[in-house]
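Counting in our numbering, the sequence shown runs from 1413 upward without gaps. Written below as structure tokens is the structure these notes are about.
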Amino acid sequence: MLGGLRFDNGTVLATHPDAPPPDKYIVPGPVVEETFWQTPDIARYWNTLPDTGLANIGFEDLNVTGPFDGWLDWVLAWLRVYEMQVLRHPRLEFCRERIASPLRQVIERLEDPDPALWIQVLKKNEGGRSLYLSSKDLHGGNILVDGQGTIHAFIDWEFAGFVPSFDRQSDPIQGFVSMARKELEPGDVPSALDDWPKRFSDVFRQRDPSGHAQWVAETNSDSLGVKGAVLHDLWNYLRCVIEVCVRDQGNVNAGKGAWLQRVEKALGDLLAA
């Protein structure tokens, strides 16, 4: 069952080797991501710009589709998309000379059939490969619970997307802690709140040692290594630069300043010997 849709036990994905005739299998769709360029914004910020050659650019040109084998393939797909956007959108001309060439070099290194050691480690590291569909907004206000404490549903999925298992922004524990802090006056925040993540981990380990071990391994960003973490930063800050500068809304100063500097530093670190 997925989102209220029920599938027979015999239903398999189209890519399955034992897939039945076309009317009996599920065709995988594109990945889901809250930060995708949606059709109205594509028309407004891309298709209507005069003399740019972007009139026919579409959803699949500006977003990734998938499916992906893992986190590294997902990041690489995004970097290819971002490279195209940097090269073609007039509002990104300010950063083109500064990042286009090193970005191309990073992409080529990730595509290299005989990659650098740090890339080989990422490809072999299952903890760094895991991708999950996350609500990215999981807190007490978005959980439907009855009087006996039974959870019946998680609601408000408008921020949902595929994220690596170590992504801190989608960490449900941090989500609950942040929500509690927002609802309390600074002086009323109980000291126990600071220890809640550790207490959660301790209880988890006591009740399910093997499950806890897997959870720790997959949510530990250290599994990426230094350059893997830098690659994650590159994806995140480059996305932010493009979003605010193309729209010319939000923290544009950061997009042209501190965030772009983070992108440049990440590119330099990834290309360093």
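Where is the CB? At the ideal position from N, CA and C, for every residue including glycine. In this text the structure is predicted, and so the values were computed from the model without any measurement.
Note to self: Looking at the secondary structure, which residues open and close the beta strand (DSSP E) in which I1654 lies?
What the structure shows: No beta strand (DSSP E) holds I1654; the alpha helix (DSSP H) holding it covers 1637-1659.
Next item on the list: Return helix, strand or coil for G1540, following the three-state DSSP convention.
Entry: For G1540, the predicted structure reports a pLDDT of 47, less than 50, and the residue's modelled location is therefore unreliable. A value from the coordinates is still provided. Three-state DSSP puts G1540 in a helix.
Check: Do you know how far the Cα of K1548 is from the Cα of E1445?
Finding: Between the alpha carbons of E1445 and K1548 lies a gap of roughly 10 Å.
Item checked: Other residues of its chain near L1550: CB distance less than 6 Å, five sequence neighbours each side excluded -> P1584, G1587
Notebook entry, point to check: Relative to the alpha-carbon of G1465, which residue among W1490, L1643, V1476, P1502 has its alpha-carbon at the smallest distance?
Noted result: P1502
Next item on the list: Keeping to the same chain, check which residues put their C-beta closer than 6 Å to that of L1522; ignore five residues upstream and five downstream.
Entry: Excluding sequence neighbours, L1522 sits near L1488.
Check: Just how far apart, CA to CA, sit K1536 and Y1494?
Finding: 25 Å
Next item on the list: Put L1522 into one of helix, strand or coil per three-state DSSP.
Entry: If DSSP states are grouped into helix, strand and coil, L1522 belongs with the helices.
Checklist line | Rounded C-alpha distance that separates A1670 from S1513 | finding: Distance between the alpha carbons of A1670 and S1513 is about 20 Å.
Check: Who pairs with G1552 in a beta bridge, going by DSSP?
Finding: BP columns for G1552 are empty, so no partner.
Notebook entry, point to check: Is it the case that the Cβ atoms of W1449 and N1475 are separated by a distance below 7 Å?
Noted result: Pairing W1449 with N1475 gives a Cβ-Cβ distance under 7 Å.
Margin query: Do I1519 and L1491 have their beta-carbon atoms positioned less than 7 Å apart in this structure?
Written below: yes
Check: Which whole runs of the beta strand (DSSP E) in the region 1429-1506 are 3 residues long or more, in chain order?
Finding: Those beta strand (DSSP E) runs which fall completely within the region 1429-1506 and span 3+ residues do not exist here.
Check: C1657 to V1557, Cα distance in whole Å?
Finding: 41 Å
Margin query: As a quick exercise: from R1516, G1553, R1508, R1500, pick the residue whose alpha carbon is nearest that of D1354.
Written below: Nothing can be reported for residue 1354: it is not among the residues displayed for the chain, which extend from 1413 to 1685.
Next item on the list: Please check the pair V1642 and A1678, which I expect to be a contact at CB under 8 Å, by giving their CB distance rounded to whole angstroms.
Entry: 5 Å
Item checked: Continuous beta strand (DSSP E) stretch holding F1574: start and end -> Looking at the DSSP string, the run of the beta strand (DSSP E) that includes F1574 is 1573-1576.
Checklist line | Residue closest to T1451, alpha-carbon to alpha-carbon, out of G1680, V1653, G1470 | finding: Looking from the CA of T1451, the closest CA among G1680, V1653, G1470 belongs to G1470.
Next item on the list: Let me know the secondary structure DSSP gives A1625 once reduced to three states.
Entry: helix
Notebook entry, point to check: If you drop the 5 nearest sequence neighbours on each side, which residues of the same chain put their C-beta closer than 8 Å to that of R1506?
Noted result: It should be noted that the sequence gives Phe, not Arg, for residue 1506. Excluding residues within five positions, the ones whose Cβ falls inside 8 Å are C1657, K1668.
Notebook entry, point to check: Can the beta-carbon of V1589 be found less than 7 Å from the beta-carbon of W1608?
Noted result: yes
Next item on the list: Could you have a look at I1567 and say whether DSSP puts it in helix, strand or coil?
Entry: coil
Next item on the list: Evaluate Q1661 with the Cβ neighbour count: other Cβ atoms within 10 Å of its Cβ, from every protein chain shown; 16 or more gives buried, anything less gives exposed.
Entry: exposed
Check: Which of helix, strand or coil does DSSP assign to S1590?
Finding: In this structure, S1590 counts as helix in the three-state DSSP scheme.
Checklist line | Cβ-heavy atom distance, P1479 to the ligand NAD, below 6 Å | finding: As for the ligand NAD, it is missing from this structure, which has no ligand bound.
Checklist line | Backbone CA spacing between G1478 and T1447 [nearest angstrom] | finding: 15 Å
Check: Tell me which same chain residues have a C-beta within less than 8 Å of the C-beta of F1616, skipping the five on either side of it?
Finding: G1623, H1624, W1627
Checklist line | Range covered by the alpha helix (DSSP H) that runs through A1666 | finding: Its alpha helix (DSSP H) spans residues 1664-1668.
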